[in-house]
Every structure is written in structure tokens, then in C-alpha cells.
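With my numbering, letter number 52 in the sequence shown gets 52, and the count goes up by one each step, no holes.
The beta-carbon is built from N, C-alpha and C at its ideal position, and this holds for glycine as well.
Quick caveat, the model's predicted, so the values are computed rather than measured.
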Amino acid sequence: MPLNQNPKGHDRFRCRDCHRVFQLTYTYEARKPGIKELITEMAFNGAGVRDTARTLKIGINTVIRTLKNSRQSE
1 MPLNQNPKGH
11 DRFRCRDCHR
21 VFQLTYTYEA
31 RKPGIKELIT
41 EMAFNGAGVR
51 DTARTLKIGI
61 NTVIRTLKNS
71 RQSE
């Protein structure tokens, strides 16, 4: 059952176990599941920041931020 809608009209849902809110359809490409793993994988395979951003249709700053945060979490 939808919790409510975001400003774009997509339904938001709340997990009954962990109480996190999520959407089934995302407007922004960077929020889709698996994007962070793809960014890291492309970096390990030698793809540049701009190439990664262009391929995944996300912003350059998003790629840089994701790589910085993945480095700090190690």
C-alpha cells in the first residue's frame, strides 16, 4: 500500500521490517539499484569519470562523490 506520493507523482512505500521509505520507480538514474556498484566496477576497469557519467546517464559529481565515499568506507 502506498505511503504517499513524491512531488513527481511516484508512489512511496515504507518497509514494515526496517521502516525505510523507497520508491519502485525513480526519476533520477543515480538512485536506481546497482548504480554505485557499476560506478566502482567501471573505475576498476579503467573508465574515466566523464565516460562513466555519460554511459550511466548520471552527473560527473555523482560519480566523483560515489568513488570518494566507497574509498572511505574501506
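request  = May I have the straight-line CA-CA distance separating Ala53 from Cys15, to the nearest angstrom?
outcome  = 31 Å
query = Just curious, the beta strand (DSSP E) that Asp78 is in, first and last residue?
reply = Not covered by the structure: residue 78. The range shown for the chain is 1 to 74.
message = Using only CA atoms, which one of Ala30, Phe13, Glu29 lies nearest to Leu22?
response = Rather than Leu, the amino acid found at residue 22 in this sequence is Phe. Nearest of Ala30, Phe13, Glu29 to Phe22, Cα basis: Phe13.
ask   = So the alpha helix (DSSP H) Thr66 belongs to, where does it begin and stop?
value = 60 to 72
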